[in-house]
Amino acid sequence: MTALSLRSDGSGKLTTLVLFLPPALMLFTLFVVLPIGEAAWYSGFNWNGFGVPVNWIGLDNYRFVFGHKAFATAFKNNLLIIAVSLLVQLPLALALAIILADRFRGAVALRMVFFLPYILAEIATGLIFSFVYDGDYGLLAAIYRVFGAEAPHLLASSTTAFPAILLVVVWKYFGFHMMLFIAALQGMDRNMVEAARIDGATRWQVLRFIVIPTLYPTIRLSVFFAIVGSLQLFDLVMPLTRGGPADSSHTMVSFLYNFGVTRMRVGFGSAVGVILFVVCVTFAFGYKRWIMRDE
Amino acid sequence: MGLFMRGFLAAAALALSTGLAAAQVTVKWLHIEANPAQVKIWEEVARDFESKNPGVKVDMQYLENEAYKAKAPTLLQSRDRPHIIYSWAGGVLKAQVEAGVLEDITAQVQNFKASLSPSAVESFTVGGKIYGLPHTVSQVGFMANKELLAKAGLDAAKILTWDDLLDATKKLKAAGITPIAVGGADKWPVHFYWTHLAGRMGGKAAFDAALRGQDGGFEADTFQKAGELFKQLIDLQPFQNGFLGFKSQQAIGHFGDGKAAMILAISSFYHTQKVFAADKVGISDDKLAWINFPVVPGGKGEPSDTLGGVNGWLITKGAPKEAVNFVMHFISPDVQKRLAAGNFLIPTVTGAESGLGSAFMRNIAQNIAKSKYHQNFWDQDLGPSVGRVVNDATAELAGGTMTPKQVAKAIQDAFKQGN
Chain A
17 MTALSLRSDG SGKLTTLVLF LPPALMLFTL FVVLPIGEAA WYSGFNWNGF GVPVNWIGLD
77 NYRFVFGHKA FATAFKNNLL IIAVSLLVQL PLALALAIIL ADRFRGAVAL RMVFFLPYIL
137 AEIATGLIFS FVYDGDYGLL AAIYRVFGAE APHLLASSTT AFPAILLVVV WKYFGFHMML
197 FIAALQGMDR NMVEAARIDG ATRWQVLRFI VIPTLYPTIR LSVFFAIVGS LQLFDLVMPL
257 TRGGPADSSH TMVSFLYNFG VTRMRVGFGS AVGVILFVVC VTFAFGYKRW IMRDE
Chain B
-4 MGLFMRGFLA AAALALSTGL AAAQVTVKWL HIEANPAQVK IWEEVARDFE SKNPGVKVDM
56 QYLENEAYKA KAPTLLQSRD RPHIIYSWAG GVLKAQVEAG VLEDITAQVQ NFKASLSPSA
116 VESFTVGGKI YGLPHTVSQV GFMANKELLA KAGLDAAKIL TWDDLLDATK KLKAAGITPI
176 AVGGADKWPV HFYWTHLAGR MGGKAAFDAA LRGQDGGFEA DTFQKAGELF KQLIDLQPFQ
236 NGFLGFKSQQ AIGHFGDGKA AMILAISSFY HTQKVFAADK VGISDDKLAW INFPVVPGGK
296 GEPSDTLGGV NGWLITKGAP KEAVNFVMHF ISPDVQKRLA AGNFLIPTVT GAESGLGSAF
356 MRNIAQNIAK SKYHQNFWDQ DLGPSVGRVV NDATAELAGG TMTPKQVAKA IQDAFKQGN
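So the protein sequences, as listed, match chains A and B.
Counting from 17, one number per residue, gives the positions in the first sequence under the working numbering.
Counting from -4, one number per residue, gives the positions in the second sequence under the working numbering.
The following block contains the structure:
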């Protein structure tokens, strides 16, 4: 806005527009708008993905999706991931960030260690944890054996499979949020903290009234990433459980893949995709509008 | 933009044309064989074909079984699809034919097909046209560890009826031995129980009736009964701990390690139980027994009926004719005899089964030869959508989250909904 309005002549503005807008707009149309439109179109058909869709069934696919008990579970699981991200992962990341933002011996090394899980590819992480959780040969089994107990097969029970995935989610992503917080803390004005200390503020008061309020913008951003990431979670689920047992550990995306793509029900899968899209867009715009409006 | 695009296209065209000039026809062959010993022979067969056909290169690509099934629909519609793909025939094949992604090879194999088992070729024929060629057949039954059975005072040859199996399960449990290993995470190993029980209960007639939608289709008595019988076994908790988290390969390894007395197996597990065993040796021939799937009281299916696969190679749309030539070379009597001698497969070339190296595999070949009704795997036969529901529902039955009635209903609902 400012860059453009600084220009005194309108023609310069127009040139900029003509020059820079079309490529971006075209890419956006080609890779975002068109696929979304296509998915919405396909979701009205009973179609196996081969050739051209002809069998129009209206909104039936949406009825099938909402009537599917695994979809309800998947939706609930997505909400669970969000809850765990917000209530466990972010506080953990924040606490670690506050500790590790200070300069002391080993701080940098520890930051690296906590950040490492985030660098690992999701599929690799999933495979590693499927070995860790293995009730016969895994790390967990070895730990149980030390205490002379028989390890449970966490991924084989519909009550424990999803909590086991949640644990991996927290393990994998807390380092990322920690880094965001550390970056923000390092950009913080140290003088304020010092001034407060001189005025006799306790450590807790400094934390409560200075450090955390300065972090608010970052926390809001972090929450945004956590929620969007939760909605998209897929590649950790596949190597760990593929959504099983008894469809207890699906997320919306793994539900889409399992019931749409692998079963050649493209219309059905597209309907799930459209629902997911609507959820994400509503959230993103709502969040921007109400929570991040100052930034 | 336009300039960029043109430059890019020109570069791409150049890359393409130089590629063509250097070659040669490359036949892209996608397989799912996980046994290195067998893949080694296949590679030799491919190199042999290349040496006999100068200018042709055979490029082998591998995908894991479940990954292949999931990827196939997308893969087949890409421009870069492989020329030869693995197939279980059945409903999936029909869907692929309807989609027009396969090549009609009827004319090219007209003379060749006479050397193969007619019923196996029939499996790869849709609407009178041949789209692929079968290279092996298989049977589903229990593979048993004689040593572990003996510990519980059992004899594999005496497990003939479903009640015998239930009884054996109880005795094995009492002896502290895991009765049966199963790969519950993959689900299809579980569907063998329910579908074979349904076959034993109602035979071919019941399956055909269900397809026509008679007596409530898959909700008919036969199928509810199959679920109830399976439930009798499930209630005894016959499977290894955590079986719902085991993939098929892990479960086969579990059996190969001697940690479970039995496994409901495809006959080809004869080899894979060695490959997936921790020691790579597995259960030796003298300790390995085959138990035909038990018969059920009052069942209408013939005891000689078999459930199993017919596997082969499909030629995809637009594949070079060399691809078909290679498949014919792959299923030639020489190669089939060689694979049979190594006990890798039950051959489809008539007469090649006499070359089977082990008594175990000869027994399977005889079972299939005697069978008047060889039912293809249901999850393949019923097509990708309904087939997967059979797998889902039966796995849920095993996990205790569905009742036999709900299983039958879920399958019938999926069947009515179609694809």
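Positions of the beta carbon are idealized from the N, C-alpha and C atoms, including for glycine.
Every value quoted in this text rests on a predicted model; they were computed, and no experiment measured them.
How many angstroms separate the CA atom of residue i from the CA atom of residue j?
{"i": "Y303(A)", "j": "F240(A)", "result": "8 Å"}
{"i": "E142(B)", "j": "D280(B)", "result": "12 Å"}
{"i": "G136(B)", "j": "L108(A)", "result": "52 Å"}
{"i": "T161(A)", "j": "T176(A)", "result": "Just to set this straight, residue 161(A) is Arg in the shown sequence, not Thr. Computed Cα separation, rounded: 19 Å."}
{"i": "L161(B)", "j": "V20(B)", "result": "56 Å"}
{"i": "A360(B)", "j": "S366(B)", "result": "10 Å"}
{"i": "L417(B)", "j": "A115(B)", "result": "Past the edges of chain B, shown from -4 to 414, lies residue 417(B), and the structure says nothing about it."}
{"i": "V51(B)", "j": "E93(B)", "result": "30 Å"}
{"i": "R74(B)", "j": "I98(A)", "result": "39 Å"}
{"i": "F131(A)", "j": "V104(A)", "result": "17 Å"}
{"i": "A393(B)", "j": "F275(A)", "result": "21 Å"}
{"i": "W72(A)", "j": "P77(B)", "result": "31 Å"}
{"i": "N48(B)", "j": "Q72(B)", "result": "29 Å"}
{"i": "G151(A)", "j": "L201(A)", "result": "42 Å"}
{"i": "G(-3)(B)", "j": "E138(A)", "result": "With a pLDDT of 45 at G(-3)(B), under the threshold of 50, the modelled position of this residue cannot be trusted; read the value that follows with caution. Answer to the nearest angstrom: the Cα atoms are 38 Å apart."}
{"i": "R236(A)", "j": "F192(A)", "result": "14 Å"}
{"i": "Q375(B)", "j": "F271(A)", "result": "21 Å"}
{"i": "K166(B)", "j": "F91(A)", "result": "44 Å"}
{"i": "K23(B)", "j": "E98(B)", "result": "15 Å"}
{"i": "V319(B)", "j": "L41(A)", "result": "47 Å"}
{"i": "T267(A)", "j": "H130(B)", "result": "39 Å"}
{"i": "A405(B)", "j": "Y134(A)", "result": "40 Å"}
{"i": "T45(A)", "j": "C296(A)", "result": "19 Å"}
{"i": "F190(A)", "j": "L106(A)", "result": "7 Å"}
Given residue i, which residues of its chain have a CB within under 8 Å of its CB, disregarding the five upstream and five downstream residues?
{"i": "N338(B)", "result": "Y265, H266, L351, G352, S353, F355 and M356"}
{"i": "L223(A)", "result": "I114"}
{"i": "A169(B)", "result": "A147"}
When you measure from the CB of residue i to every non-hydrogen atom of the ligand NAD, does any distance come out below 6 Å?
{"i": "G197(B)", "result": "Ligands displayed in this structure: none; no statement on the ligand NAD is therefore possible."}
Please report the Cβ distance between residue i and residue j, rounded to the nearest whole angstrom; I am assuming they are in contact, meaning their Cβ atoms lie under 8 Å.
{"i": "A415(B)", "j": "V53(B)", "result": "What is shown of chain B runs -4 to 414, which leaves residue 415(B) out entirely."}
{"i": "V132(B)", "j": "T343(B)", "result": "6 Å"}
{"i": "G296(B)", "j": "G198(B)", "result": "4 Å"}
{"i": "I229(B)", "j": "I247(B)", "result": "About 20 Å separates the two Cβ atoms, so there is no contact after all."}
{"i": "S82(B)", "j": "W373(B)", "result": "Actually they are not in contact, since the Cβ atoms of S82(B) and W373(B) sit about 16 Å apart, beyond 8 Å."}
{"i": "R279(A)", "j": "R383(B)", "result": "5 Å"}
{"i": "A172(A)", "j": "G237(B)", "result": "4 Å"}
{"i": "Y149(A)", "j": "L170(A)", "result": "5 Å"}
{"i": "I181(A)", "j": "L102(A)", "result": "Between L102(A) and I181(A) the Cβ distance is about 17 Å, and since that is not below 8 Å, they are no contact."}
Quick one: what's got a C-beta closer than 6 Å to residue i's C-beta in the same chain, skipping five residues either side?
{"i": "P184(B)", "result": "V177, G178 and S243"}
{"i": "F187(B)", "result": "V135 and L259"}
{"i": "F234(B)", "result": "I175 and V177"}
{"i": "V290(A)", "result": "A55, A56 and S59"}
{"i": "N386(B)", "result": "K182, W183, H186 and D374"}
Compute the distance between the beta-carbons of residue i and residue j, then report whether it is under 7 Å.
{"i": "F250(A)", "j": "V269(A)", "result": "yes"}
{"i": "L302(B)", "j": "H191(B)", "result": "yes"}
{"i": "I363(B)", "j": "Q134(B)", "result": "yes"}
{"i": "I125(B)", "j": "I100(B)", "result": "yes"}
{"i": "A84(B)", "j": "V330(B)", "result": "no"}
{"i": "A113(A)", "j": "I198(A)", "result": "yes"}
{"i": "W63(A)", "j": "V282(A)", "result": "yes"}
{"i": "A255(B)", "j": "T173(B)", "result": "yes"}
{"i": "V184(A)", "j": "F145(A)", "result": "yes"}
{"i": "T389(B)", "j": "W189(B)", "result": "yes"}
{"i": "A403(B)", "j": "Q227(B)", "result": "no"}
{"i": "G212(B)", "j": "Q370(B)", "result": "no"}
{"i": "A180(B)", "j": "F225(B)", "result": "no"}
{"i": "S246(A)", "j": "L196(A)", "result": "no"}
{"i": "R195(B)", "j": "V290(B)", "result": "yes"}
{"i": "P255(A)", "j": "L143(A)", "result": "yes"}
{"i": "A212(A)", "j": "I226(A)", "result": "yes"}
With a CB to CB cut of under 7 Å and the five nearest residues on each side skipped, what residues in its chain are close to residue i?
{"i": "G251(B)", "result": "Q268, K269, F271, A272, G277 and I278"}
{"i": "V277(A)", "result": "G285"}
{"i": "L70(B)", "result": "R76"}
{"i": "K275(B)", "result": "K269"}
For this session: Return the chain-ordered ranges of every alpha helix (DSSP H) run that is complete within the stretch 254 to 337 of chain B and spans a minimum of 4 residues.
Result: 264 to 270, 316 to 325 and 328 to 336, all fully within the stretch 254 to 337 of chain B.
For this session: Give, in chain order, every unbroken run of the alpha helix (DSSP H) that is at least 4 residues long and sits entirely within the stretch 98 to 124 of chain B.
Result: Taking only runs of at least 4 residues, the alpha helix (DSSP H) segments lying wholly in the stretch 98 to 124 of chain B are 113 to 118.
Exercise. Which runs of the alpha helix (DSSP H), 4 residues or longer, sit entirely within the stretch 223 to 306 of chain A?
Worked result: Counting only runs of 4 or more, we get 228 to 248, 253 to 256, 268 to 271 and 282 to 306.
Problem set entry | Completely contained alpha helix (DSSP H) runs for the stretch 15 to 69 of chain B, where each covers 4 or more residues | Taken in chain order, the unbroken stretches of alpha helix (DSSP H) that lie wholly in the stretch 15 to 69 of chain B and span 4 residues or more are 31 to 47.
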